[in-house]
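Residue 126 in full-length UniProt numbering is what sits at position 126 of the sequence shown, and the numbering runs on without skipping anything.
Presented below is the structure to which this report refers.
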Amino acid sequence: MNGRKASRHRRDQGSATIAAAITFPAVGLLFLTLAQAVMVSVARDVAQSAAEEGLRVARARQGTFVQGRAAAASFARSEPVLQTPTITVSGANTISVRVTGTAPSLLPGVNFAVSRTARGARERFTTPGPA
């Protein structure tokens with residue numbers, strides 16, 4: 001009986017090490033994938049918020065495209081998670097602000113492009129017509 005336990009014990013030696021060697025890289029890859037997804041998501045949120053801030057300024061009655069672009073750029077640059085932000089403002093009656101950039105990458109040489117657009121009507125004052 002003791003001989004059986006001893007031989008069985010010898011066969012099981014190192015199995016925990018092998019299991020850890022197989023499991024650890026998979027768990028590590030899952031963690032890095034989750035962290036990368038969070039960074040891309042936050043970069044998209046920052047781009048959307050910057051576009052909305054630029055739209056808010058550009059569509060105001062006295063607002064200009066230059067002021068809208070400056071407001072969006074200021075917002076985007078204040079958050080380091082959106083890298084190399086580029087802002088485009090266009091439109092006449094409907095103003096469109098597009099913010100593009102890249103999200104930080106955990107993988108060298110891999111870029112995750114982020115682009116968000118906000119649109120809205122230019123504010124203008126009108127007089128009520130005849131009832």
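Glycine included, each C-beta is placed from N, C-alpha and C at the ideal position.
- T102 is bridged by DSSP to Q83, A113.
- Judged by DSSP in its simplified three-state form, T88 adopts strand.
- Three or more beta-carbon pairs separated by less than 8 angstroms are not found between the stretch 36 to 47 and the stretch 58 to 70, which leaves the two stretches without contact.
- When rounded, the separation of the alpha-carbon atoms in P108 and P80 is 18 angstroms.
- Cβ-Cβ distances below 6 angstroms link T88 to R98 in the same chain, with the five nearest sequence neighbours on each side left out; the list follows chain order.
- DSSP places P25 inside the alpha helix (DSSP H), whose first and last residues are 15 to 58.
- Beta-carbon to beta-carbon, A35 and L82 are separated by about 17 angstroms, too far to satisfy the 8 angstroms threshold.
- By the neighbour-count criterion, in which 16 or more other beta carbons inside 10 Å mark a residue as buried, G54 falls on the buried side.
- Contact annotation, F125 with R61: C-beta distance approximately 7 angstroms; criterion of less than 8 angstroms satisfied.
- In the three-state scheme derived from DSSP, where H, G and I count as helix and E and B as strand, G68 is classed as helix.
- S96 is bridged by DSSP to S90, R119.
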